[in-house]
Every structure is written in structure tokens, then in C-alpha cells.
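Protein chains in written order, with the numbering used here: chain A, 1 to 374; chain B, 375 to 748.
Protein chains: 2
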Amino acid sequence: MSTKAETLAPPATSGRKRAARRSNAAPTITDVAKEAQCSPMTVSRVINGEENVREDTKQKVLGAIAKLNYVPNRAARSLAAGSQLRIALLFDNPSASYLSEFLMGALEEASRRDIYLVVQACENVADAQKVIKKLLDGGIEGFILPPPLCDDQSVLDLIRSSGGIAVAVGPGRATGSHGAVLIDEFQAAYDMTRHIIGLGHERIGFIIGNPDQVASGRRLLGYRSAMKDAGLTIDEGLIAQGQFTYRSGMVAAEKLLGAAKPPTAIFASNDDMAAATVAMAHRRHLDVPNDITVCGFDDTELASSIWPELTTIRQPIREMTAEAVAMIARVHKQKGRTARAKPEQLTLAYQLIRRNSDAGPSLASSFSKPPGNT
Amino acid sequence: MSTKAETLAPPATSGRKRAARRSNAAPTITDVAKEAQCSPMTVSRVINGEENVREDTKQKVLGAIAKLNYVPNRAARSLAAGSQLRIALLFDNPSASYLSEFLMGALEEASRRDIYLVVQACENVADAQKVIKKLLDGGIEGFILPPPLCDDQSVLDLIRSSGGIAVAVGPGRATGSHGAVLIDEFQAAYDMTRHIIGLGHERIGFIIGNPDQVASGRRLLGYRSAMKDAGLTIDEGLIAQGQFTYRSGMVAAEKLLGAAKPPTAIFASNDDMAAATVAMAHRRHLDVPNDITVCGFDDTELASSIWPELTTIRQPIREMTAEAVAMIARVHKQKGRTARAKPEQLTLAYQLIRRNSDAGPSLASSFSKPPGNT
DNA sequence: CATGTTTGTGGTAGCGCTACCATGATGAGA
DNA sequence: TCTCATCATGGTAGCGCTACCACAAACATG
């Protein structure tokens with residue numbers, strides 16, 4: 001009997017807990033709770049921005065977090081939360097530099113929130129439909145759509161009708177039927193045009209973006225409005241169609257620069273086309289910005305990696321995508337509680353970044369005053 | 375009494391467990407165990423490829439996994455494993471396009487493995503030292519170092535002496551004291567030079583990269599070797615110093631193109647400088663590739679977003695960074711078991727990507743045969 | 001045959017966090 | 001004054017997995 005009793009009895013070492021599993025002493029929510037003299041639950045509430053926490057308690061917790069340099073453990077979080085959110089990022093050949101910014105924002109935020117992100121290319125809208133159906137079957141609950149996909153209502157409807165969450169990033173205009181993160185494309189183009197006009201230019205060329213994207217039209221409209229408001233007449237020959245690609249920018253720039261009365265400034269609807277314009281200007285031995293001003297749009301990496309660096313509109317692409325991820329997470333969390341929250345819409349601020357590709361028109365320019373043969 | 379008893383007694387619904395937390399019915403390790411008629415532990419062993427599992431048991435488990443379509447829950451896994459690995463990615467102004475590729479690979483892999491990734495910029499080596507110390511104090515265990523940081527031995531030593539894990543990505547040459555993921559820079563540059571020679575060029579210019587980076591020297595050496603092996607003499611005037619930036623590429627290209635006997639081909643040590651070379655060539659009304667061949671290195675996004683698209687060496691930056699993350703995870707796991715595993719070193723394959731910026735030398739070129747005044 | 005030593009397997013206790021409920025303290029309304 | 005809602009907080013029980021130990025069975029040794 002005694003033998004058996006002994007084997008059953010806990011071994012001598014049982015007094016202390018078994019060796020701790022945690023090797024590194026990263027602070028946990030419990031440590032924070034102790035520091036702030038409250039329960040872990042309250043700390044959890046503060047972290048997750050829930051309501052119903054008194055202000056002073058919140059401050060104490062926040063203080064403790066800062067003091068301990070606490071970072072929530074993502075693994076534990078998503079494990080406890082039960083379900084891992086899965087989001088797909090679809091794209092349909094936008095400009096390369098835009099895409100990379102785009103991905104960066106999404107990947108970072110998804111990684112931060114422990115969201116599983118699937119990145120998928122589609123050839124066209126029809127292909128996108130197929131891909132979306134497949135992803136929905138696979139249990140993906142959210143979709144992030146950059147242009148031009150986000151401008152296609154049928155794609156959005158498909159997602160919505162299947163109970164998915166769609167968020168458009170950078171559509172020309174929000175439709176209200178789904179979430180969207182955007183900037184005021186019209187106003188941004190307007191501001192840039194005003195900026196160029198303010199420099200003294202009057203013959204200002206414009207390169208339109210991909211006509212499938214609503215944003216292209218908005219930017220063009222901003223340009224037209226600003227020109228009109230400034231009392232300048234628009235020479236329709238100084239407006240060229242592009243596709244947002246570098247290559248299309250070359251063709252468009254060639255047309256504008258080769259015009260009988262070429263412009264003294266060119267405003268391209270994105271940086272890729274602006275970069276192409278700079279290249280074409282150089283090819284014609286024009287100095288940028290002294291002979292011709294070139295401005296872009298988006299402020300992708302390309303804008304500051306060529307020379308001269310482009311004056312452009314900074315569209316906070318990364319932040320926008322990150323916000324889109326956050327938005328999907330929010331909606332997903334609320335789902336089931338509220339019957340159906342009305343789609344959020346977030347308009348972020350753009351910024352006119354002035355670099356070295358713009359200047360006042362050169363008075364001596366042979367272009368502004370071509371051989372008087374009119 | 376009865377009233378009290380009732381209030382104390384579990385409510386009528388207590389028969390079943392509290393509402394299940396799991397919404398989706400994804401199979402768990404327990405489900406698999408039941409199916410395979412063994413304990414969850416055994417399943418865990420099979421999943422993790424541990425030894426000491428009888429072959430037939432293993433097969434039964436494998437069968438059950440396949441049948442249930444079971445996928446381990448990542449969150450639970452890393453939570454139970456105890457420590458969340460935290461890795462820092464430090465960088466010190468590499469070219470922008472390189473960096474974005476770099477980040478992409480790291481973020482993706484980190485997200486896949488549920489690793490917390492901190493991205494930190496440093497101004498210089500001294501700053502890096504400070505940052506590293508702070509991060510180590512903060513409990514970061516791994517560091518990923520792109521050039522030029524990975525070429526600085528003092529940085530590596532600091533990390534190693536503090537028990538951190540350092541992995542260099544794309545250093546010129548592995549030192550053996552730490553992990554590294556790289557390509558054979560020498561051979562890649564050699565191959566590209568041979569390629570250009572194979573096209574018929576003899577006067578081949580070269581633009582060197584940032585002299586602080588070991589890789590720059592390796593690439594230069596590859597060029598020299600190939601020239602020598604082909605029996606071509608190198609005109610030292612056709613070798614220009616660059617810094618890996620677009621701007622430095624312009625200056626270097628200007629020098630080469632303006633030489634008394636300019637080259638018929640230029641091999642730039644990275645794509646940014648190659649793109650700048652193309653721009654400068656255009657400025658001089660030279661057609662690429664018909665008047666001059668321009669080749670790059672890295673195959674960053676820039677290479678295929680300008681026109682003509684660059685012939686370049688594809689360095690698998692994303693894969694390299696992803697491998698670096700994986701390497702840190704491996705070392706971290708082994709730590710404590712083996713006293714100190716010797717650092718891994720992984721050499722990945724590069725690839726010569728032929729696009730549209732190269733061609734044979736133009737026979738009519740005024741450059742290959744300048745006015746016969748020698 | 002009494003001991004070690006090696007297998008293969010199972011049990012248990014968390015990892016750090018959050019969902020869910022319970023509770024005490026307030027304030028509002030009867 | 002006594003309800004009853006509301007707020008702020010705490011307690012508990014897991015999420016799915018693995019580290020650690022226990023232990024039986026199969027062998028090897030003396």
C-alpha cells in the first residue's frame with residue numbers, strides 16, 4: 001500500500017511549479033495588470049479600445065503599458081479570439097510602383113493584426129469574378145480592391161451579395177454601397193494645377209490616366225476646373241490620353257512635346273507617366289525644370305528615385321491600404337451584432353510635395369514663342 | 375431555501391457547455407487524434423516530424439489528417455511553443471526599389487510564420503549600434519541586415535556577443551561568423567559581362583556601386599575577370615564610380631558617355647544606375663539599345679517599369695529575405711539544444727533576365743570608330 | 001531473474017489572451 | 001425608499017497546441 005501511495009503521491013519537487021515555459025521575460029497582460037493595479041480584463045479592454053473604462057483607470061493602464069514596454073502577443077490574441085480573419089487583396093495590373101506601395105501597407109497592417117492576407121492577380125473583371133467566387137468558397141471574408149477593380153460595380157455587388165466585406169482603396173468616387181478609403185482626387189488635381197499656374201505657366205499640358213478608372217476622370221476634371229477658374233483657355237491639343245504606364249506616358253509626352261505650340265508645363269496623372277515625360281523631355285534636350293515643368297501624381301517611390309525628383313501629389317497609399325485592412329477587421333468584428341452597419345468611408349488627406357521638377361516658365365524658351373507663323 | 379437553491383443552481387441551459395467559442399468547425403488536433411485512435415500528443419509528434427513514433431501509427435495519423443483536411447492552427451502553435459520570435463529588420467539607405475522588395479519578402483514570411491517583425495531605419499553604423507542595443511534590451515532576438523550594414527563586422531559582432539541572431543542578406547561575401555543568404559555576386563557579374571561580350575561588344579563600360587559595400591567590389595571583379603578571360607583590355611577610363619543611387623548613375627553615365635572614346639555598352643552595378651544611364655543616353659540622342667547597350671543588376675521593379683525594359687541580373691531579393699527569416703526561426707528553435715550551431719549559409723541562384731536594353735554594337739556607330747586620330 | 005536502458009505512448013498543465021458571465025457600485029425613476 | 005437599468009470591473013474557462021513528465025512495454029545487461 002505504502003509503495004503505491006508513494007508512487008501516486010506527487011514527487012518531492014512538486015512543491016514548486018514545473019519549470020517555467022517562458023524563456024524570455026516579455027511582459028504579459030498580467031504583468032501590466034499588476035503594475036496598473038487592476039485585472040487583466042481591464043487591461044484587455046484598454047488595449048482593444050473598448051468603452052466602459054473610466055478615464056483614470058485607462059491612463060493608469062496606458063502608463064503601465066508604456067513603462068513595461070508591453071506588446072500584446074499576437075498568437076494568444078488570435079487564438080483566444082477564436083477566428084482568424086482572412087482577407088484577399090486583388091489587383092488587376094495597376095502601375096508597378098503603385099502596387100508595391102499598396103502591398104506594403106496591406107502586408108504590414110495584416111501582419112500587425114495577425115490577419116491572413118492572400119494576394120491575387122486577376123486578368124480582367126471576368127477573371128476577377130471567378131477568383132472572388134473561389135476565394136469566398138475558400139472562406140475568405142474580406143476583399144481589398146485597388147483601381148480599376150474597385151470601379152466595377154459588378155465586382156462589388158458579387159462580394160456583397162455573398163456576404164463578403166469589400167473595401168475599395170482609391171476609387172474615383174465612393175458609391176456608398178461598400179467601404180472605401182480615398183482621397184479627394186478632384187481637389188488634389190485642382191490644387192496641383194493651381195500650383196503650376198501660380199508658377200506663371202499658361203500653356204499647361206495634361207496626360208490623362210487609364211480611362212477605365214474613375215479617378216482618371218476626376219483628375220482631369222480637377223485640371224479643367226483649375227484652368228477655367230484661372231481664366232486660362234485649354235488647348236485641347238495639350239491633353240493627351242495615357243494608360244498610367246511608363247510606356248503610355250512616353251507616347252503621350254511625345255505628342256505634347258512635338259505639338260506645334262508645345263506646353264511649358266505638363267501635369268501627368270501619375271508618376272510613371274511623369275517620369276516618362278521627363279525622359280522624353282531630356283531626349284529632346286529640354287532641361288527639367290528650366291525648359292519645361294513636369295509634375296506627377298501619387299508620390300510613389302519612382303517620383304523620388306529619378307532626377308530631377310518629381311513635384312507630385314502625395315497620395316498616402318500605404319496608410320490607405322492599412323486603413324482598408326483595419327476597416328475590414330472592424331466590420332468583421334461587428335458582424336452579427338449590428339444587423340448591418342452602413343459602409344464606412346474614409347477620406348484621407350493628400351499633400352502637394354514640391355521637389356525639383358517645376359519652375360516658372362523660361363522667358364527665353366523657344367517654345368513659348370515659336371516662329372511667329374500663326 | 376428553494377429560491378436560493380434555484381438561483382445558485384446552474385441555469386437550465388447549463389446542461390450543455392457554454393456557447394462554443396469556435397464558430398467555424400475547422401478540425402483540431404483532437405479531432406485527428408480521435409479519428410486515428412491515439413492521443414493528441416502522438417498527432418503532434420507526427421506533425422512535427424519527431425522520432426519515436428511507430429511507422430504504422432504514423433500512417434494512421436497521416437491518413438486521418440488527410441481525411442479531415444486538417445491544418446494546424448498557427449496561432450495556437452506559436453503560443454504553445456512559448457516564445458514569440460521577434461525579429462528586427464534594419465536598413466541604412468539602400469536604394470529605394472531594393473528596399474521595397476526586401477521588405478516585401480520579410481513581411482510575407484514573417485506573417486506566414488507568425489513572427490513579429492520590427493522595421494527600423496538607421497542613419498549610419500554608429501546609429502545602428504545604438505538601435506541594436508536598444509532592440510536587444512527590448513527582447514528582440516533576431517536581426518536581418520541588408521547591405522551595407524551586413525558588411526560591417528562590428529555590427530555583426532555586437533549582435534553575436536549579446537546572444538542575438540544575425541543574418542546578412544546579400545553581403546558581398548559571407549564571413550562565416552554569422553548566418554547569410556546571398557548570391558554569387560562575382561559570378562553573376564561575370565556572366566552578364568560575358569553576355570555583353572557575346573553580343574559583340576568590346577568597349578564595355580562599368581559603373582561601380584557604393585564602395586562601402588563588399589558586393590560592389592565583387593561585381594567589379596566579375597566584370598574584370600570576364601573581360602580578361604575574353605582577351606579584352608580594359609580601358610580604365612570606362613570604369614566610373616557610382617553610389618547605387620539614380621543620381622550617382624547620372625554622373626557616372628555622363629562621364630562614360632562623354633569620354634573621348636565612349637563605350638558601346640555600359641554595365642551598371644544596379645538597376646537604378648542603369649536607368650539613369652538610359653536617361654542620359656536618351657539625353658544625348660542615343661537610342662537604347664541600338665546605339666548603346668545598357669545592362670543593370672538586381673531586377674528591381676524599376677528595371678521593368680522604364681522603357682526600354684532593362685536586361686539585368688535577377689537577384690531573388692524576396693526569396694532571400696524570406697529565407698533569412700526562416701533561418702532565424704530555425705536557429706532560434708535550436709538554441710539551447712545544440713550548444714552553438716555553426717551559422718548557416720545559403721547561396722541562392724541568380725538569373726540573367728534578357729529584356730530590351732541590349733543588342734549588338736551598331737557598326738555604323740560614330741562611337742566605335744571615332745575620327746581616326748590615334 | 002533483478003536491474004538498467006531504450007522505445008512508444010498518454011496525461012497534464014499551461015502559453016497569453018479574450019468571450020462570457022457575475023458582481024458591486026452608482027444613478028434614475030417609481 | 002425601493003426597484004431597476006447602467007456602468008466599471010473582476011472571475012473563469014477555454015482557444016489549439018506543445019513542453020514536460022510519467023509510465024508501460026520491449027529489450028539489453030549484469
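Virtual Cβ for every residue (Gly too), placed ideally from N, Cα, C.
Bear in mind that the values here come from a model prediction, so they are computed numbers and not experimental data.
Q) With which residues is residue 153/A paired in a DSSP beta bridge? A) In the DSSP output, where bridge partners are listed per residue, residue 153/A has none listed.
Q) Near residue 1/A, which residues of its chain fall below 6 angstroms by C-beta distance, leaving aside the five closest residues on each side in sequence? A) Its pLDDT being 34, under 50, residue 1/A is placed unreliably in this model, and the value from its coordinates should be taken loosely. So the list is empty, once near-sequence residues are dropped.
Q: Count the other C-beta atoms from every protein chain shown that fall within 10 angstroms of the C-beta of residue 713/B, then say buried if there are 16 or more, exposed otherwise.
A: Its pLDDT being 47, under 50, residue 713/B is placed unreliably in this model, and the value from its coordinates should be taken loosely. Classification for residue 713/B: exposed.
Q: Pick helix, strand or coil for residue 311/A, following the three-state DSSP scheme.
A: strand
**Q.** Closer than 7 angstroms at the beta carbon, the chain B residues around residue 310/A
**A.** Per Cβ cutoff of 7 angstroms: no residues; residue 310/A is ~12 angstroms from chain B at best.
Q: Identify the contact partners of residue 70/A in chain B, using a Cβ-Cβ distance below 8 angstroms as the criterion.
A: Per Cβ cutoff of 8 angstroms: no residues; residue 70/A is ~11 angstroms from chain B at best.
(Q) I want to know whether the segment 601-618 of chain B touches the segment 536-554 of chain B - three or more CB-CB distances under 8 angstroms. (A) no
Q: Could you list which residues in chain B have their beta carbon closer than 8 angstroms to that of residue 104/A, in chain order?
A: 474, 477, 478 and 481
Q. Is there at least one Cβ from chain B nearer than 8 angstroms to residue 244/A's Cβ?
A. no
Q.
Counting C-beta neighbours from all protein chains within 10 Å, is the total for residue 179/A 16 or more, i.e. buried, or is it exposed?
A. buried
Q. Mind checking residue 51/A: buried by the 16 CB within 10 Å criterion, or exposed?
A. exposed
**Q.** residue 563/B: first and last residue of the uninterrupted beta strand (DSSP E) it sits in
**A.** No beta strand (DSSP E) holds residue 563/B; the alpha helix (DSSP H) holding it covers 559-572.
Q | Residues bridged to residue 351/A (per DSSP) | A | 314/A
Q.
Could you give the first and the last residue of the continuous alpha helix (DSSP H) run that contains residue 680/B?
A. Taken as a continuous stretch (DSSP letters only), residue 680/B belongs to no alpha helix (DSSP H), as it is neither H nor E.
Q: For the beta strand (DSSP E) holding residue 205/A, just list the boundary residues, first then last.
A: 204-208
Q) How is residue 672/B classed by DSSP in three states: helix, strand or coil? A) strand
Q: With 8 angstroms as the C-beta to C-beta threshold (strictly closer), list the residues of the segment 288-302 of chain A near chain B in chain order.
A: 301 and 302
Q) Using a C-beta cutoff of 8 angstroms, does residue 78/A count as contacting chain B? A) yes
Q) Can you name, in chain order, every residue of its own chain whose Cβ lies under 8 angstroms from the Cβ of residue 355/A, other than the five neighbours on each side? A) 303, 304, 308, 309, 310, 311 and 312
Q: List the residues of chain A that residue 624/B touches, going by C-beta distances under 9 angstroms, in chain order.
A: 307
(Q) Tell me the DSSP secondary structure of residue 445/B in three-state form. (A) coil
Q) Is it true that the CB of residue 736/B sits closer than 8 angstroms to the CB of residue 665/B? A) yes
Q) With a Cβ-Cβ cutoff of 8 angstroms, do residue 519/B and residue 494/B count as a contact? A) no
Q: To the nearest angstrom, report how far apart residue 316/A and residue 459/B are at their CA atoms.
A: 30 angstroms
Q) What's the call for residue 7/A, buried or exposed, on a 16-neighbour Cβ count within 10 Å? A) The predicted model places residue 7/A with a pLDDT of 31, which falls under 50 and marks its position as unreliable, so this point remains unresolved.
**Q.** Helix, strand or coil at residue 346/A according to DSSP, with G and I counted as helix
**A.** strand
(Q) Classify residue 411/B: buried if its beta carbon has 16 or more other beta carbons within 10 angstroms, exposed otherwise. (A) exposed
Q: Could you tell me whether the segment 263-273 of chain A touches the segment 426-439 of chain B, where touching means 3 or more Cβ pairs closer than 8 angstroms?
A: no
Q | Spatial neighbours of residue 168/A in its chain, beta-carbon cut-off 6 angstroms, leaving aside the 5 residues before and after | A | 145, 150 and 180
Q.
Looking at residue 481/B: is its Cβ nearer than 8 angstroms to the Cβ of residue 473/B?
A. no
Q. Does the beta carbon of residue 659/B sit closer than 8 angstroms to a beta carbon anywhere in chain A?
A. yes
Q | Assumed close pair residue 717/B, residue 551/B - CB separation to whole angstroms, cut-off 8 angstroms | A | 7 angstroms
Q | For residue 260/A, three-class secondary structure by DSSP | A | coil
Q: Go through its chain and collect everything with a Cβ distance to residue 75/A's Cβ below 8 angstroms, but skip five positions before and after it.
A: 114
Q: Could you name the residues of the segment 421-445 of chain B whose beta carbon sits closer than 9 angstroms to any beta carbon of chain A, in the order they occur along the chain?
A: none
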